[in-house]
Structures are given as C-alpha cells and as structure tokens.
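Engineer: Just passing along the structure, written as structure tokens.
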Amino acid sequence: MRSKNFLISLGVVAAAALWINWGLIETKARYAIADAAGNVVVSNLAQAVAGNNDRGLAAAELITLPITAEEVSPGIFRASGVGNSYVLTTSEGNVVFDTGLIIQASEQIDQLQALTGDSEPVKIILSHSHADHVGGTRLWDQGQTQIITHEAFEEEQRYLTELNPYLHRRNRVLFPWLPETPSTLPGLNFRGLIPDVRVDNDSPYRFTLGNRRFEVHATPGAEGADNLVLWLPDEKILLSGDFFGPQFPQFPNLFTMRGEKMRKPVEYIASLNHLLTLEPAAILPSHLDGVWGKDFIRDNMVRIRDAVQFVHDETVTGMNAGKSVEQLMEEVRLPTHLQLSQTHGKVSWAIRSIWEYYATWFHFEHTSELYATPLTAIKKDLISVVNIPAAMQLVRRYLKNSEPEKALLLLELLEGEPNSDLARAARLETLEQLERRAQEHANDYELYWLASELDKARAAPLSAAPLSASPHDDDKRDVQVD
Ligand SMILES: [Zn+2]
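Just remember that this note's numbering sits 63 ahead of the position in the sequence shown, which is counted from 1.
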C-alpha cells in the first residue's frame, strides 16, 4: 500500500511538473525578491538624502530618476532608470536591449510590458556585463529567450563577480545609497549569465525579425572589452549602451574610479571610427536621453575621437621625451576645438591610465616603488621627529597660496599626530579647496570622492576654528620655516 501511494504521489508530482511552468514560477519569485530589494534601496536613499542633503543627491542622481516607460521612436520603447532598458517590437516577437539594475528591473519590465504586451522576448542583447545593464535578464528570460553578448562578456562577468566584495566597497563610497554589503539572496544574483550568441570583434551579428533588420556590432574599449551596440540599419538608429557614457558628447571614461581593468584607448578609437562609418541619425544610450541629428552626432563623434587621439599622442610623446606621468597630467590640456565635458571621463586621469596601460606601475623614479613599504609606514616615526608647528605653518601657507594638492600631501604624512585639531581643520579646508576647484571642472567621480572624504573630515570632532577664520591668530603662532 505504502509503495502504491508513493507511486501515485510520484505520478501526481510528475504530471504537475509537466503541467507547471517552473521557469515562470522561478521568474515570479525572482521578481518578488528584486522588488523587495528595490524598496530597501529606495528607503536607504531617502535616509541618505534626509541625513545629508548636499551629499545624497549628488552621488545618487541616476537612482533618484523616476522609472517611466515611453515609445521613443516607432516600435522602440524605453524604460528609464539607473540604466535604461529598451524593447523593440516586431511582428515576430520582441527584442530587449539591456535589462537595467536588478533592483529596478521588475518595475521597468512591468511598465514596458504594459506598453508592448507581456510575451517573453525572442532575444535579449546585452551591451556589456555591468550591473546596471544586465540586472533584469533572468526576469525577462523564461527559458526561450536567446541571449546575445560580446564574446568577452563571460570573462568580464567572471572578474567582476570574483572581485565583487572589493568593487562593492569602492562603489559604496561613491554611491552611498547602496546596501552595506553585497546581497547574497539567490534571487538577486544577476551574474553567471551564459550567452547563446557571442559576437566577435571582426564581424557584426545580423538578423531580421518581422520586418525589422538588426545588427549587433562589437565596440570594445569603451566601458570595457565586452562592449557592443545595436544598429538598426534601416532606421539609422544606434542603441549605444555605455559607449559614449551617460551624456553625448563628453570625454570618455578611459579610467574608472571604482577600480576596473584598464581600458584600451586605441581600441576605443578604432571602435569609434567604425561607428562613424555607420552614420547614425540617432543615438539611444543606456543612460539618460537620446540624441538626434546626423550632423551633430557625426561632428561630435569626430571631436571625441580626435580628443582621445590627442590625449593618447601627447602622453606617448611625453613618455618618449622622459616626462613623468605627473608632469603630463599637469601639462596636457585639450585644445579649444577639442573641448569636451569632463563630467564622466577626466583628461588628467586618462593620461595616467594611458601611461600605466603602456608602462605599468613601475614609474622608474623611486627605488621604493619596488618594495612593499609605503610612505605611510614611516608616518609615526616622522611625526616624532618633525617640528609640527612648523609643518602646520607650511600647510597654511600652501592653503593661502591655493595649493591644496601640496597641503594634502603634507597632511597625509602628518595624519595621526598627537595634537591634531589644527591638522583636522586644515584637512577640512584643503578638501574644501579641492572641491571648489573640482566644481569648476565638474568631474562627477572626483566630486563623489571628495564629498565622501569631506563627510569623514567633518565627522571628526573639531575644537580649533577653521584656519581661514582667524588669520591673525595663525600669524602669531607662525614658525619661520623659510
Ligand atoms: Zn552603465
């Protein structure tokens, strides 16, 4: 009896298994988890904004954008968010380009499906492996969707996954609304994607669906080695992913502060030259809004290409002339006709990046570069022998002369000196000078970093007045160091 019952129940389970769409149930569960995680981040964000107005908003612009879906061109629907997600409709099914951030994906999918129907997409094209572009892939895919990526996607995904704790710590400094530790909920795991089609650098992947032609072109060197774009040859529309960064035009991010692999400048220029041959009439990026106008797009693509080429060539020329990386960072400026916004990529950081891409980390200047002991290892010993008031007077002089970088170097060496109220005040003023200067050149990541450092400096208790507040008192305490 027992075994008969067992067999019957086994049969019921087997019949149910055939009947139930497990893919759909799994997708629904993922949906619920992603939704809940999104709510946690939204409340973190509200706290960050309430607790620190100047900080929270600056570092979290994209996450504060409302998610809305609209038809941006006939048959092309976009859901906004930290990363945009697009649905392209055809009479033979839909194609999705980029799937946003996991915590926003369920809302993006709901809104897109309200406009385009809730069928499973035929294909999902992922512009690259970054979290804000692949998050919702498993929420869309119920088992029948073909996933298309660059052939380097899996390798990029691997290292981003292996280094996730390290990257999360750094990202959280720049984007304080992120949860304290990376999530371990299986429903939030958006990595480990296995593509069905891998596009190589040599030939585009072309397909026709309904009456729409699609071309997927590899564009390595932008936001990593695994970048690709979607080109619609009949409509002359380019879905550019992150190739141009969040705005067009701007200087590209050849270096990223959160600490990813080096990006290759020459590869970026080659990809840009390839995109120029397509002659796009519109760019639909995976962040913020689209850009329209063939001439405007061509002129600015040429300008970006020439600016990157200029910075590259100046760096190489300087290296051959025996100049140091710091000298080049100081000297090389974009000429007037190549001026571009540096909110995303900063020229001086691109120079360091190009320099180290070619020459690696040994700058051939100091023997100590070869050994594991950093300058900070001698801080305590140095503080015990240095004339602190004289050193602090030197800091004040740097600040009076608007030389915050020099003040910063000296303060970093004096950090931890026993009577540190003056040092703390000086550190605050140094960071404020750096921030004021950064605002003029407006690189987002520099501002995020300085905001985080200022938070730390302000959190330290202060008993001394800021140095600039009482210059005469300072003068009385001055020690001659000339
Ligand atoms: Zn992105």
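By construction, the Cβ of each residue, glycine as well, lies at the ideal position given by its N, Cα and C atoms. What you are looking at is a predicted structure, and each value in this text was computed from that prediction instead of being measured.
Determine the direct distance from the alpha carbon of R201 to that of G353, and round the result to whole angstroms.
Structural biologist: The residue labelled residue 353 in the question sits at position 290 within the sequence shown. The residue labelled residue 201 in the question sits at position 138 within the sequence shown. Approximately 26 Å, taken between the alpha carbons.
Engineer: Quick one, what's near ligand 1 if you take every residue whose CB is closer than 7 Å to any heavy atom, in chain order?
Structural biologist: G146, H193, D195, H196, E286, D305, S349 and H350
Engineer: Give the secondary structure of W424 by DSSP, where H, G and I count as helix, E and B as strand, and everything else as coil.
Structural biologist: Residue numbering aside, residue 424 sits at position 361 when the sequence shown is read from its first letter. W424: coil per DSSP, three-state reduction.
Engineer: Suppose you measure from the CA of Q402 to the CA of G322; what does that come to, to the nearest Å?
Structural biologist: Looking up residue 402 in the sequence shown gives position 339. Looking up residue 322 in the sequence shown gives position 259. Q402 and G322 have their alpha carbons spaced roughly 26 Å apart.
Engineer: Check D161 in the structure and name its three-state DSSP category.
Structural biologist: Residue numbering aside, residue 161 sits at position 98 when the sequence shown is read from its first letter. Strand.
Engineer: Output yes or no for whether 8 Å exceeds the beta carbon distance between Q496 and L473.
Structural biologist: Here residue 496 is taken as the residue at index 433 of the sequence shown, counted from 1. Here residue 473 is taken as the residue at index 410 of the sequence shown, counted from 1. It is not a contact, given that the beta carbons lie outside the stated cut-off.
Engineer: Are A132 and L189 touching if we call contact CB-CB under 8 Å?
Structural biologist: As a working note, residue 132 is residue 69 in the sequence shown. As a working note, residue 189 is residue 126 in the sequence shown. Not in contact: A132 and L189 (Cβ atoms no closer than 8 Å).
Engineer: Tell me whether H429 is buried or exposed, calling it buried when 16 or more other Cβ atoms sit within 10 Å of its Cβ.
Structural biologist: As a first step, residue 429 is located in the sequence shown; it is residue number 366 there, counting from the start. Exposed, by the Cβ-count rule.
Engineer: Assign E480 to one of two classes, buried (16 or more other C-beta atoms within 10 Å of its C-beta) or exposed (fewer than that).
Structural biologist: Here residue 480 is taken as the residue at index 417 of the sequence shown, counted from 1. By the neighbour-count rule (16 or more Cβ atoms within 10 Å), E480 is buried.
Engineer: Can you tell which of L491, V236 and P245 has its C-alpha closest to the C-alpha of L517?
Structural biologist: As a first step, residue 517 is located in the sequence shown; it is residue number 454 there, counting from the start. Out of L491, V236 and P245, L491 has the C-alpha closest to the C-alpha of L517.
Engineer: From M455 to A486, what distance separates their C-alpha atoms?
Structural biologist: Looking up residue 455 in the sequence shown gives position 392. Looking up residue 486 in the sequence shown gives position 423. Each residue's alpha carbon lies about 7 Å from the other.
Engineer: To which residues of the same chain is P296 closer than 7 Å at the C-beta, ignoring the five residues directly before and after it?
Structural biologist: As a working mapping, residue 296 is identified with position 233 in the sequence shown. Excluding sequence neighbours, P296 sits near R276 and E278.
Engineer: Measure from the alpha carbon of G250 to the alpha carbon of each residue in K299, Q171, G198 and F216, then state which is nearest.
Structural biologist: Locating residue 250 in the sequence shown gives position 187, where the first residue counts as 1. Of K299, Q171, G198 and F216, the residue nearest in Cα terms is G198.
Engineer: Would you mind stating whether T406 and A505 have Cβ atoms separated by less than 8 Å?
Structural biologist: Mapped onto the sequence shown, residue 406 falls at position 343. Mapped onto the sequence shown, residue 505 falls at position 442. Yes, the Cβ-Cβ distance between T406 and A505 is below 8 Å.
Engineer: Is it the case that the Cβ atoms of G308 and P315 are separated by a distance below 8 Å?
Structural biologist: Translated into positions along the sequence shown, residue 308 becomes position 245. Translated into positions along the sequence shown, residue 315 becomes position 252. Taking 8 Å as the Cβ cut-off, G308 and P315 qualify as a contacting pair.
Engineer: My assumption, with CB atoms under 8 Å, is that Q502 sits in contact with S404. Please give the rounded CB distance.
Structural biologist: In the sequence shown, counting from the first residue as 1, residue 502 sits at position 439. In the sequence shown, counting from the first residue as 1, residue 404 sits at position 341. With a Cβ gap of about 14 Å, Q502 and S404 do not count as contacting.
Engineer: Assuming V159 and S148 make a contact with CB atoms under 8 Å, what is their CB distance in whole Å?
Structural biologist: Taking the first residue of the sequence shown as position 1, residue 159 is located at position 96. Taking the first residue of the sequence shown as position 1, residue 148 is located at position 85. Right, the Cβ-Cβ distance comes to about 7 Å (below 8 Å), so this counts as a contact.
Engineer: In whole angstroms, what separates the C-alpha of G381 from that of S387?
Structural biologist: For this step, residue 381 is matched to residue 318 along the sequence shown. For this step, residue 387 is matched to residue 324 along the sequence shown. Going from the Cα of G381 to the Cα of S387 covers about 8 Å.
Engineer: Using 8 Å as the threshold, is the stretch 326 to 339 in touch with the stretch 283 to 297, meaning 3 or more CB pairs across them?
Structural biologist: Counting Cβ pairs under 8 Å, three or more are found: they touch.
Engineer: So who's on the other strand from G304, going by DSSP bridges?
Structural biologist: Residue 304 sits at position 241 when you count from the first residue of the sequence shown. Beta-bridge pairing links G304 to P348.
Engineer: What do you get for L433, buried or exposed, if any count of 16 or more other CB atoms within 10 angstroms of its CB means buried?
Structural biologist: In the sequence shown, residue 433 corresponds to position 370, counting from 1. Classification of L433: exposed, given that the 10 Å Cβ count is below 16.
Engineer: Tell me, to the nearest whole angstrom, how far the beta carbon of L391 is from that of T378; I am working on the premise that it is less than 8 Å.
Structural biologist: For the purposes of this step, residue 391 is taken as residue 328 along the sequence shown, with counting starting at 1. For the purposes of this step, residue 378 is taken as residue 315 along the sequence shown, with counting starting at 1. Confirmed, about 6 Å.
Engineer: With a 10 Å radius around its C-beta and 16 neighbouring C-beta atoms as the bar for buried, classify H350 as buried or exposed.
Structural biologist: Residue numbering aside, residue 350 sits at position 287 when the sequence shown is read from its first letter. Per the 10 Å Cβ criterion, buried.
Engineer: Residues in the same chain with beta-carbon distance under 6 Å from L178, minus the five sequence neighbours each way, listed in chain order, please.
Structural biologist: By 1-based counting over the sequence shown, the position of residue 178 is 115. Closer than 6 Å at the Cβ level, and outside the excluded window around L178, lie A132 and F140.
Engineer: Quick one: residues in its chain with C-beta nearer than 6 Å to the C-beta of I446, no 5 flanking neighbours on either side, listed in chain order?
Structural biologist: Within the sequence shown, numbered from 1, the residue matching residue 446 stands at position 383. Taken in chain order, the residues that qualify are E480.
Engineer: Once DSSP output is grouped into helix, strand and coil, what is the label at L73?
Structural biologist: By one-based count along the sequence shown, residue 73 stands at place 10. With a pLDDT of 37 at L73, under the threshold of 50, the modelled position of this residue cannot be trusted; read the value that follows with caution. Note: L73 maps to helix in three-state DSSP.
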